[in-house]
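Visitor: Sharing a structure here in structure tokens format.
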Amino acid sequence: MKKIIALLLIGLMMLSIIGCKKTENKTSGDSGADSALIKAAKEEGQLIVYGSCEEEYLAAACDNFKALYGIEVKYQRLSTGEVQSKVEEENGNPSGDVWFGGTTDPYNVAASKGLLMPYEATNAKHLLSDMYRDKDGCWYGIYKGILGFMVNKDELTRLGLEAPKDWKDLLDSKYQGLIWLSNYNTAGTAKLVVNTMIQKYGHDEGIKYLVDLDKNIEVYTKSGSGPSKNVGTGECVVGIGFLHDGITQIVDNGYKNVGLVIPSSGTSFEIGATAIFKGCAHPNAAKLWIEYALSPECVELGAQHGSYQFLVIDNAKQPDVASEFGLDPENVMKYDFEDAKANTTTYVEEVMKALGSAADDRFKTE
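Numbering (the working numbering) for the sequence shown: 1 to 366.
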């Protein structure tokens, strides 16, 4: 009997040892990254993140990465257009390692210039569709946002106006001086607007639409979320941008006077992405970041920190609040990402040329 008990105790000890080894080979959290990558990333010891999502979400994602892996993280919040310009100037010698958040049009421009590093991520298997990744692995989607209008209902009532229902309504002179949009030179959101209008109306008509729209625009903000942040106060009466930013103003900031409008003839969407800069100083930490960014450990932080985009990986919990406000991630026009990848820079230049002297002061990037 004593021998049997002794053998049982030895067996339990062996199981305990095996369990500990398995635990050592697994991440704290469940990013899906293997132990060899984690070890190599820890040896590099640092990661520099340029984030184009909202700063609260960016900070939470970076802090959580540091807590999970013990890797020092430095981050800076810049609009997608600013990041694109920065990596173009640095030309293969980037000061950052990874890009996190913001719409993919500027990512595609950077990829077409060879400024993003291809990486075949293990966690890409969780993406809902191949639509949510670059075919060469230069970027991966982490969320999806719907483009539309945010309006201040109180101000519209005071002015005796109805909310615009569709894109062409925005051209009505009754909205002159009431509309805010982001800057085509600095914001990925504005670049998406350019591509959307050209894809929706055709090249020449799309550019003409944007020239006509300019007559009613009061302010062009540096960041795509800029208009949403001024709708609740009434400084901006009609803001063009992503509707999840409007939800943030209603839910987190208490602006119950903000209304959301999904354009009746259809609208487009962003894929918020993440990518590695080619030639970065910490490539293993950067690869680990991509695995982390494609995990629930990261993307579910968005809804906890005021970012209510739809998530595009199959093992993450969707933010219920986006659906509660009537947003449907599938109710969008078919967006031609390849055309945007090839032509965004040209289209923006054509719009600025068409605007002529009107663009001199209102589109400054400083």
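We put the CB at the ideal spot given by N, CA and C, even for glycine.
Please read all numbers here as calculations on a predicted model, not as lab measurements.
Give every residue of the same chain whose Cβ lies closer than 6 angstroms to the Cβ of Ala61, excluding the five residues on either side of it in the sequence, and list them in chain order.
Guide: Position 61 of the sequence shown, counted from the first residue, corresponds to residue 61. Cβ neighbours of Ala61 beyond the five flanking positions: Cys298 and Leu301.
Visitor: For Asp97, collect the residues of the same chain with a Cβ closer than 8 angstroms to its Cβ; drop the 5 residues on either side in sequence, then sort them by chain order.
Guide: Translated into positions along the sequence shown, residue 97 becomes position 97. Contacts found: Leu47, Ile48, Val49, Ile276, Phe277, Cys280, Ala281, His282, Pro283, Ala285, Ala286 and Trp289.
Visitor: If you compare alpha carbons, which of Gly70, Thr189 and Ser35 is closest to Gly45?
Guide: Position 45 of the sequence shown, counted from the first residue, corresponds to residue 45. Comparing Cα-Cα distances from Gly45 to each of Gly70, Thr189 and Ser35, the minimum goes to Gly70.
Visitor: Drop a sphere of 10 angstroms on the beta-carbon of Asn343, count the other beta-carbons inside from all chains shown, and report buried for 16 or more, exposed for fewer.
Guide: As a working note, residue 343 is residue 343 in the sequence shown. Under this definition Asn343 is a buried residue.
Visitor: Could you give the distance in angstroms between the alpha-carbon of Gln309 and the alpha-carbon of Val321?
Guide: Taking the first residue of the sequence shown as 1, we reach residue 309 at position 309. Taking the first residue of the sequence shown as 1, we reach residue 321 at position 321. So the two alpha carbons sit approximately 9 angstroms from each other.
Visitor: State the DSSP-derived secondary structure class of Ser182, mapped to helix, strand or coil.
Guide: Mapped onto the sequence shown, residue 182 falls at position 182. Strand.
Visitor: Can at least three beta-carbon pairs, one atom from the stretch 209-216 and one from the stretch 172-180, be found at a separation below 8 angstroms?
Guide: yes
Visitor: Would you say the stretch 104-119 touches the stretch 241-256, given that touching needs at least three Cβ pairs under 8 angstroms?
Guide: no
Visitor: Once you ignore the five residues that flank Val261 on each side, which residues in its own chain have a CB closer than 6 angstroms to its CB?
Guide: The residue labelled residue 261 in the question sits at position 261 within the sequence shown. Result list for Val261: Gly148, Phe149 and Ala163, in chain order.
Visitor: Whose CA, out of Gly145, Asp212, Lys353 and Tyr201, lies closest to the CA of Leu327?
Guide: Working through the sequence shown from its first residue, we reach residue 327 at position 327. When only C-alpha atoms are compared, the closest one is Gly145.
Visitor: Excluding five sequence neighbours on each side, which residues of the same chain lie with their C-beta closer than 6 angstroms to the C-beta of Ala273?
Guide: Residue 273 sits at position 273 when you count from the first residue of the sequence shown. Excluding sequence neighbours, Ala273 sits near Thr104, Tyr107, Trp139 and Gly141.
Visitor: Please classify Ile207: does DSSP put it in a helix, a strand, or coil?
Guide: Locating residue 207 in the sequence shown gives position 207, where the first residue counts as 1. Three-state result, Ile207: helix.
Visitor: Using 8 angstroms as the Cβ pair cut-off and three pairs as the minimum, do the stretch 324-338 and the stretch 80-96 touch?
Guide: no
Visitor: Helix, strand or coil for Gln46 per DSSP?
Guide: As a first step, residue 46 must be located in the sequence shown, where it is residue number 46. Gln46: strand per DSSP, three-state reduction.
Visitor: Where does Glu54 fall in DSSP's three states?
Guide: Taking the first residue of the sequence shown as position 1, residue 54 is located at position 54. Glu54: coil per DSSP, three-state reduction.
Visitor: At which residues does the beta strand (DSSP E) containing Met352 begin and terminate?
Guide: As a working mapping, residue 352 is identified with position 352 in the sequence shown. First-last for Met352: Phe337 to Leu355, but that is the alpha helix (DSSP H), not the beta strand (DSSP E).
Visitor: Between the stretch 186-204 and the stretch 338-354, are three or more C-beta pairs nearer than 8 angstroms?
Guide: yes
Visitor: Identify every residue that forms a DSSP beta bridge with Arg362.
Guide: Position 362 of the sequence shown, counted from the first residue, corresponds to residue 362. Answer is none; Arg362 lacks a bridge partner.
Visitor: Considering Cα atoms alone, identify which of Gly202, Leu294, Ile240 and Met117 is closest to Asn183.
Guide: Translated into positions along the sequence shown, residue 183 becomes position 183. For the options Gly202, Leu294, Ile240 and Met117, the alpha carbon positioned closest to that of Asn183 is the one of Ile240.
Visitor: Trp99 lies in the beta strand (DSSP E); which residues open and close that run?
Guide: Position 99 of the sequence shown, counted from the start, is the residue given in the question as residue 99. First-last of the beta strand (DSSP E) with Trp99: Val98 to Thr103.
Visitor: So, with DSSP's three-state summary, where would you put Gln176?
Guide: Position 176 of the sequence shown, counted from the first residue, corresponds to residue 176. Residue state, collapsed to three classes: coil.
Visitor: Are Val348 and Lys191 touching if we call contact CB-CB under 8 angstroms?
Guide: Stepping through the sequence shown from its first residue, residue 348 is reached at position 348. Stepping through the sequence shown from its first residue, residue 191 is reached at position 191. Yes; because the gap between Cβ atoms is below 8 angstroms, this pair is in contact.
Visitor: From Asn257, Ile179, Met131 and Tyr292, pick the residue whose C-alpha is nearest to that of Asp63; which is it?
Guide: By one-based count along the sequence shown, residue 63 stands at place 63. Among Asn257, Ile179, Met131 and Tyr292, the Cα nearest to that of Asp63 belongs to Tyr292.
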